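Peer 1: Residues in the sequence shown are numbered from 22 upward in steps of one, following our numbering. Ideal Cβ placement from N, Cα and C applies to all residues, glycine included. On a predicted model such as this, the values are computed, not experimentally measured, just so you know.
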Amino acid sequence: MRIWQWLALIIVVLGIGAAVFFLRPVNGPARDLTLVGDATRGAYLLRLGDC
């Protein structure tokens with residue numbers, strides 16, 4: 022039973038570490054994410070600026 026507790030603890034610690042890694046803010050220049058109308062196709066395009 023003790024092995025299951027250690028295994029659960031390791032999984033929880035790895036999950037917290039992954040959450041901290043993936044949820045931290047991205048460093049770098051700000052992105053310009055604007056929707057631009059496409060008159061020829063009648064759709065909207067997502068413009069990625071300053072990439």
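Please report the straight-line C-alpha distance between Leu56 and Phe42, rounded to a whole angstrom.
Peer 2: Looking up residue 56 in the sequence shown gives position 35. Looking up residue 42 in the sequence shown gives position 21. Straight-line Cα distance between these residues: approximately 29 Å.
Peer 1: Quick check on DSSP: helix, strand or coil for Val57?
Peer 2: Translated into positions along the sequence shown, residue 57 becomes position 36. Reduced to three states, the DSSP call for Val57 is strand.
Peer 1: Which residue marks the beginning of the alpha helix (DSSP H) containing Ala39, and which one marks its end?
Peer 2: Residue 39 sits at position 18 when you count from the first residue of the sequence shown. Arg23 to Leu44 is the span of the alpha helix (DSSP H), which, as asked, contains Ala39.
Peer 1: Whole angstroms is fine: what's the gap from Val33's alpha carbon to Ala64's?
Peer 2: Position 12 of the sequence shown, counted from the start, is the residue given in the question as residue 33. Position 43 of the sequence shown, counted from the start, is the residue given in the question as residue 64. Computed Cα separation, rounded: 44 Å.
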